[in-house]
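>
Residue numbers (the working numbering): 86 to 225.
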(Lines of atoms letter the chains of each structure in order from A and count residues from 1; the text may use other names and numbers.)
(Lines give C-alpha, C1' and ligand atoms only; values in the text may rest on other atoms or scores of the structure.)
Protein backbone atom coordinates (compact mmCIF):
# COMPACT_ATOMS: atom_id res chain seq x y z
CA UNK A 1 0.00 0.00 0.00
CA UNK A 2 1.28 3.43 -0.99
CA UNK A 3 -0.44 6.50 0.46
CA UNK A 4 0.09 10.14 -0.44
CA UNK A 5 -1.98 13.27 0.21
CA UNK A 6 -4.41 12.55 -2.60
CA UNK A 7 -3.81 8.98 -3.67
CA UNK A 8 -3.92 5.42 -2.45
CA UNK A 9 -2.22 2.69 -4.49
CA UNK A 10 -2.76 -0.95 -3.61
CA UNK A 11 -0.65 -3.70 -5.14
CA UNK A 12 -1.46 -7.34 -4.60
CA UNK A 13 -1.09 -10.77 -6.08
CA UNK A 14 -2.52 -14.22 -5.63
CA UNK A 15 -6.08 -14.58 -4.40
CA UNK A 16 -6.43 -11.49 -2.22
CA UNK A 17 -9.76 -9.69 -2.28
CA UNK A 18 -8.51 -6.27 -3.31
CA UNK A 19 -11.85 -4.76 -4.33
CA UNK A 20 -13.42 -5.66 -0.98
CA UNK A 21 -11.24 -2.93 0.59
CA UNK A 22 -12.99 -0.09 -1.26
CA UNK A 23 -15.80 0.50 1.24
CA UNK A 24 -13.44 0.54 4.20
CA UNK A 25 -10.93 2.81 2.43
CA UNK A 26 -13.66 5.30 1.53
CA UNK A 27 -14.87 5.28 5.13
CA UNK A 28 -11.35 5.83 6.53
CA UNK A 29 -10.59 8.61 4.02
CA UNK A 30 -13.70 10.46 5.12
CA UNK A 31 -13.20 9.79 8.82
CA UNK A 32 -9.52 10.73 9.10
CA UNK A 33 -8.98 13.13 6.20
CA UNK A 34 -12.44 14.57 5.52
CA UNK A 35 -12.17 13.34 1.93
CA UNK A 36 -15.71 12.59 0.83
CA UNK A 37 -15.47 12.40 -2.95
CA UNK A 38 -13.43 10.33 -5.35
CA UNK A 39 -11.94 12.23 -8.26
CA UNK A 40 -10.58 9.29 -10.24
CA UNK A 41 -10.25 5.53 -10.10
CA UNK A 42 -7.87 3.36 -12.06
CA UNK A 43 -8.04 -0.41 -11.68
CA UNK A 44 -5.97 -2.67 -13.87
CA UNK A 45 -4.75 -6.22 -13.98
CA UNK A 46 -3.36 -8.84 -16.30
CA UNK A 47 -5.45 -11.89 -17.05
CA UNK A 48 -5.07 -14.32 -14.16
CA UNK A 49 -2.67 -17.27 -14.31
CA UNK A 50 -5.18 -19.31 -12.26
CA UNK A 51 -8.59 -17.69 -12.84
CA UNK A 52 -10.47 -20.63 -11.31
CA UNK A 53 -8.90 -19.85 -7.91
CA UNK A 54 -10.03 -16.23 -7.77
CA UNK A 55 -12.76 -15.32 -5.24
CA UNK A 56 -15.71 -13.09 -6.14
CA UNK A 57 -15.67 -10.46 -7.58
CA UNK A 58 -12.32 -11.36 -9.13
CA UNK A 59 -13.77 -14.46 -10.79
CA UNK A 60 -14.39 -12.41 -13.96
CA UNK A 61 -13.68 -8.92 -15.23
CA UNK A 62 -17.42 -8.37 -15.73
CA UNK A 63 -17.95 -9.07 -12.02
CA UNK A 64 -15.14 -6.68 -11.13
CA UNK A 65 -16.72 -3.95 -13.27
CA UNK A 66 -20.11 -4.48 -11.60
CA UNK A 67 -18.45 -4.32 -8.18
CA UNK A 68 -16.55 -1.12 -9.04
CA UNK A 69 -19.70 0.46 -10.49
CA UNK A 70 -21.49 -0.17 -7.19
CA UNK A 71 -19.12 2.45 -5.70
CA UNK A 72 -18.20 4.62 -8.68
CA UNK A 73 -20.39 5.48 -11.66
CA UNK A 74 -19.50 6.62 -15.13
CA UNK A 75 -16.40 4.50 -15.54
CA UNK A 76 -15.17 2.73 -18.64
CA UNK A 77 -13.75 -0.78 -19.00
CA UNK A 78 -11.23 -1.96 -21.57
CA UNK A 79 -9.43 -5.14 -22.56
CA UNK A 80 -6.09 -4.78 -24.33
CA UNK A 81 -4.76 -7.80 -26.16
CA UNK A 82 -6.16 -10.92 -27.79
CA UNK A 83 -8.76 -12.86 -25.79
CA UNK A 84 -6.88 -16.15 -26.30
CA UNK A 85 -3.50 -14.87 -25.00
CA UNK A 86 -2.12 -12.60 -22.29
CA UNK A 87 -4.13 -9.41 -22.05
CA UNK A 88 -4.63 -6.42 -19.79
CA UNK A 89 -7.92 -5.33 -18.22
CA UNK A 90 -8.54 -1.69 -17.30
CA UNK A 91 -11.29 0.18 -15.53
CA UNK A 92 -11.06 3.93 -15.27
CA UNK A 93 -13.36 6.60 -13.92
CA UNK A 94 -12.77 10.35 -13.78
CA UNK A 95 -15.44 12.53 -12.21
CA UNK A 96 -16.78 15.07 -14.76
CA UNK A 97 -15.94 18.06 -12.56
CA UNK A 98 -12.47 16.73 -11.73
CA UNK A 99 -9.54 18.99 -12.48
CA UNK A 100 -6.44 17.70 -10.80
CA UNK A 101 -4.21 20.48 -9.44
CA UNK A 102 -1.10 18.31 -9.79
CA UNK A 103 0.44 15.95 -12.35
CA UNK A 104 -0.97 12.44 -12.17
CA UNK A 105 1.46 9.87 -13.56
CA UNK A 106 2.29 6.36 -12.42
CA UNK A 107 4.78 3.91 -13.89
CA UNK A 108 4.01 0.27 -13.26
CA UNK A 109 6.38 -2.59 -14.06
CA UNK A 110 5.15 -6.16 -13.75
CA UNK A 111 7.21 -9.31 -13.76
CA UNK A 112 6.18 -12.96 -13.79
CA UNK A 113 8.01 -16.25 -13.51
CA UNK A 114 10.96 -14.65 -11.71
CA UNK A 115 13.56 -17.17 -10.51
CA UNK A 116 13.55 -17.70 -6.73
CA UNK A 117 17.15 -16.49 -6.40
CA UNK A 118 16.19 -13.17 -8.03
CA UNK A 119 13.08 -12.75 -5.87
CA UNK A 120 15.25 -13.35 -2.78
CA UNK A 121 17.26 -10.22 -3.62
CA UNK A 122 14.19 -8.13 -2.81
CA UNK A 123 13.65 -9.65 0.65
CA UNK A 124 14.78 -8.53 4.10
CA UNK A 125 16.92 -11.67 4.24
CA UNK A 126 19.23 -10.03 1.70
CA UNK A 127 18.53 -6.29 1.96
CA UNK A 128 17.94 -4.18 5.05
CA UNK A 129 15.82 -1.52 3.34
CA UNK A 130 15.04 0.11 -0.01
CA UNK A 131 18.38 1.94 -0.22
CA UNK A 132 20.29 -1.28 0.47
CA UNK A 133 18.21 -3.11 -2.14
CA UNK A 134 19.02 -0.49 -4.78
CA UNK A 135 22.73 -1.02 -4.10
CA UNK A 136 22.47 -4.83 -4.19
CA UNK A 137 20.50 -4.99 -7.45
CA UNK A 138 22.38 -2.05 -9.00
CA UNK A 139 19.40 0.27 -9.48
CA UNK A 140 20.59 3.88 -9.72
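Ideal Cβ positions, reconstructed from N, Cα and C, are used throughout, including at glycine.
Can you list, in chain order, the stretches of the alpha helix (DSSP H) that have 4 or more residues and sit fully within the region 101 to 131?
List check, alpha helix (DSSP H) in window: 107 to 118.
> So is residue 141 buried or exposed if we call it buried at 16+ other beta carbons inside 10 Å?
Position 56 of the chain shown, counted from the start, is the residue given in the question as residue 141. Burial call: exposed.
> Can you grab the Cα-Cα spacing for the pair residue 189 / residue 119, in whole Å?
As a position in the chain shown, residue 189 is number 104, starting the count at 1. As a position in the chain shown, residue 119 is number 34, starting the count at 1. If you take the alpha carbons of residue 189 and residue 119, they lie about 21 Å apart.
> Would you give the residue range spanned by the beta strand (DSSP E) that residue 178 belongs to?
Here residue 178 corresponds to residue number 93 of the chain shown, with the count starting at 1. Looking at the DSSP string, the run of the beta strand (DSSP E) that includes residue 178 is 173 to 179.
> Among 193, 217, 180, 222, whose alpha-carbon lies nearest the alpha-carbon of residue 204?
Locating residue 204 in the chain shown gives position 119, counting from the first residue. If we check each option's Cα against that of residue 204, 222 comes out closest.
> Can you tell me which of the three DSSP states residue 153 falls into?
In the chain shown, the residue the question calls residue 153 occupies position 68. Helix at residue 153.
> Would residue 149 be called buried (16 or more neighbouring beta carbons within 10 Å of its own) or exposed?
The residue given as residue 149 occupies position 64 in the chain shown. Buried is the call here.
> State the Cα-Cα distance for the pair residue 196 and residue 163, rounded to the nearest angstrom.
Here residue 196 corresponds to residue number 111 of the chain shown, with the count starting at 1. Here residue 163 corresponds to residue number 78 of the chain shown, with the count starting at 1. Spanning the two alpha carbons is a distance of roughly 21 Å.
> Measuring straight from C-alpha to C-alpha, what distance separates residue 161 and residue 177?
Counting from 1 along the chain shown, the entry for residue 161 is found at position 76. Counting from 1 along the chain shown, the entry for residue 177 is found at position 92. So the two alpha carbons sit approximately 5 Å from each other.
> If you measure between the beta carbons of residue 126 and residue 180, is that distance less than 7 Å?
Walking along the chain shown from the start, residue 126 turns up at place 41. Walking along the chain shown from the start, residue 180 turns up at place 95. No, these two residues do not count as a Cβ contact at 7 Å.
> Give the C-beta separation of residue 133 and residue 139 to the nearest angstrom, bearing in mind that I take them to be a contact with Cβ-Cβ under 8 Å.
Along the chain shown, one-based indexing puts residue 133 at 48. Along the chain shown, one-based indexing puts residue 139 at 54. Their Cβ separation, rounded to whole angstroms, is 6 Å, which keeps residue 133 and residue 139 in contact under 8 Å.
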